[in-house]
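Numbering that gives the first Met the number 0 applies: residue 0 is where the sequence shown begins, and numbers increase by one.
Everything below concerns the one structure shown next.
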Amino acid sequence: MKRGFFRGKTSPTNEIFAAGWGIKEQQMLVTYNLLGKSDTIKDRNYPNNGLKLLDGIFPSVPSSPVFPSGVIGLANKGDQRFDHAKATTLLYGAEITGWDPVPIVMARLGMAKELAIDLERFPSRWQIYLNGWGHWGLEVEVNKDAEWFFRTNQVVDVNSKAKDEKFPLPMWPFRHMSMEATSVLTTAMNESLLQSYNDIVRVFPAFPANKSGRFTLHAQGGFIVSSEIQSGQVQWISIKSLHGNKCNLALPWKTGVAQSSLKRSSQMLKEPISIISTKINEVITIVPEEKNPNSWTIVGEKPIENEKVKYHSSGKTQLGIPRMY
Numbered sequence: 000m001k002r003g004f005f006r007g008k009t010s011p012t013n014e015i016f017a018a019g020w021g022i023k024e025q026q027m028l029v030t031y032n033l034l035g036k037s038d039t040i041k042d043r044n045y046p047n048n049g050l051k052l053l054d055g056i057f058p059s060v061p062s063s064p065v066f067p068s069g070v071i072g073l074a075n076k077g078d079q080r081f082d083h084a085k086a087t088t089l090l091y092g093a094e095i096t097g098w099d100p101v102p103i104v105m106a107r108l109g110m111a112k113e114l115a116i117d118l119e120r121f122p123s124r125w126q127i128y129l130n131g132w133g134h135w136g137l138e139v140e141v142n143k144d145a146e147w148f149f150r151t152n153q154v155v156d157v158n159s160k161a162k163d164e165k166f167p168l169p170m171w172p173f174r175h176m177s178m179e180a181t182s183v184l185t186t187a188m189n190e191s192l193l194q195s196y197n198d199i200v201r202v203f204p205a206f207p208a209n210k211s212g213r214f215t216l217h218a219q220g221g222f223i224v225s226s227e228i229q230s231g232q233v234q235w236i237s238i239k240s241l242h243g244n245k246c247n248l249a250l251p252w253k254t255g256v257a258q259s260s261l262k263r264s265s266q267m268l269k270e271p272i273s274i275i276s277t278k279i280n281e282v283i284t285i286v287p288e289e290k291n292p293n294s295w296t297i298v299g300e301k302p303i304e305n306e307k308v309k310y311h312s313s314g315k316t317q318l319g320i321p322r323m324y
């Protein structure tokens, strides 16, 4: 890539998705003003300098085949469409507004390294309010709302007889504070841990290889999935079936062993997408073949209650405020 925040990364193709066909322009269009002469931009890390407002074309159209539609995902890896989606994401990422679903798209495409970089920067870019409340964007608007205390809007009093008469209304008490950015952040985090949108359960599909973690999340089809990863290696998977449906599991190892809470016998899993039959409220524990599921034990965890302010590494944002007494 020669442009964008991820410039220097190897692109799988030199083609990207267009946003749509311009009726006036009579050609395929893109929704971002991509950097040409980046020397004119103060911060060269940013991939673009704003959105193009095109007639009838929403800005996030190029990423929509991946999210929210789910037409393209990890099941399509190696296909031409997948390569086009990844190249588009590399060029447009990171997101240009707080509501831009690019981080979720990165997770759906298994772009673990790029997603980790983006999520690390995310709070300092969009969370300018307390306790996770973010800003919708654009970033120039974020800066105005964060810094211009005396900023005003020109508004009309609907009860006034002079309908065209406008007066300045202070913006500070009425800023556009929302969960739009936070919902993108949390969804991207969830999608990095678990995906099931195409009836295939995938654990840690976009999780950094150098980190460890565990989760319990709900999956499509009526399953509660728990799993743990240590330094890139999935340790175990637990699936509770709420409705007795078949579970299609993307096996994270070459072979695995599944042990049911209702049966003594175990099932060998060898297929990349292994089909597991379940019954209502049955719990299936899956471990690598070399581990013995019969000797598996469950240990409760007692997390320590947090009583301190959490600061972002950038120093620009935080969760909570310190005690003032």
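Just so it is clear, CB atoms sit at the ideal spot from N, CA and C, and this is done for glycine as well.
Task: Euclidean distance between Cα positions of L192 and A218 - done: Taking the straight line joining both Cα atoms gives about 11 Å.
Open item on the list: Taking CB distances under 9 Å as the criterion, tell me whether F206 reaches chain B.
Closed with: Protein chains in the displayed structure number just one, and chain B is not present.
Task: Distance CB(E288)-CB(T254) smaller than 9 Å - done: Annotated as proximal: E288 and T254, with beta-carbon spacing under 9 Å.
Open item on the list: Does the stretch 145-154 come into contact with the stretch 170-178, if we say contact requires no fewer than three beta-carbon pairs (one atom in each stretch) closer than 8 Å?
Closed with: With the rule of 3 Cβ pairs closer than 8 Å, the stretch 145-154 counts as touching the stretch 170-178.
Task: Span of the alpha helix (DSSP H), counted from its first residue to its last, around I116 - done: Counting along the chain, the unbroken alpha helix (DSSP H) around I116 starts and ends at 111-125.
TODO: Say whether the stretch 85-103 touches the stretch 129-136, bearing in mind that this needs 3 or more beta-carbon pairs closer than 8 Å, one atom from each stretch.
DONE: With a cut-off of 8 Å, the stretch 129-136 and the stretch 85-103 count as touching, because enough Cβ pairs lie within range.
Open item on the list: Considering Cα atoms alone, identify which of S273, S240, W252 is closest to L261.
Closed with: Measuring from the Cα of L261, the nearest candidate turns out to be S240.
Open item on the list: If you follow the alpha helix (DSSP H) that E140 is in, where does it begin and where does it stop?
Closed with: Segment 138-146, the alpha helix (DSSP H) holding E140.
Task: Proximity to I285 [Cα-Cα], best of Y91, V60, C246 - done: Nearest to I285 by alpha-carbon distance, out of Y91, V60, C246, is C246.
TODO: Drop a sphere of 10 angstroms on the beta-carbon of Y310, count the other beta-carbons inside from all chains shown, and report buried for 16 or more, exposed for fewer.
DONE: Looking at its Cβ environment, which holds fewer than 16 other Cβ atoms inside 10 Å, Y310 is exposed.
Task: Whether L90 touches E113 by CB criterion (9 Å) - done: Contact: no.
Open item on the list: Going by beta-carbon coordinates alone, are N130 and L318 separated by less than 9 Å?
Closed with: Judged by beta-carbon spacing, L318 lies within the 9 Å limit of N130, meaning their Cβ atoms are closer than that value.
Task: Beta-carbon gap between N244 and G212 smaller than 9 Å - done: It is not a contact, given that the beta carbons lie outside the stated cut-off.
Task: Unbroken stretches of the alpha helix (DSSP H), 4 residues or longer, contained in the stretch 175-232 - done: If we require 4 residues or more, the alpha helix (DSSP H) runs fully inside the stretch 175-232 come out as 179-192.
- [ ] Evaluate T296 with the Cβ neighbour count: other Cβ atoms within 10 Å of its Cβ, from every protein chain shown; 16 or more gives buried, anything less gives exposed.
- [x] Here T296 is exposed: its Cβ has fewer than 16 other Cβ atoms, across all protein chains shown, within 10 Å.
Task: Distance, V65 Cα to A84 Cα - done: In this structure, the straight-line span from the alpha carbon of A84 to that of V65 is close to 7 Å.
Task: Residues sharing a beta bridge with Y327, DSSP - done: Not covered by the structure: residue 327. The range shown for the chain is 0 to 324.
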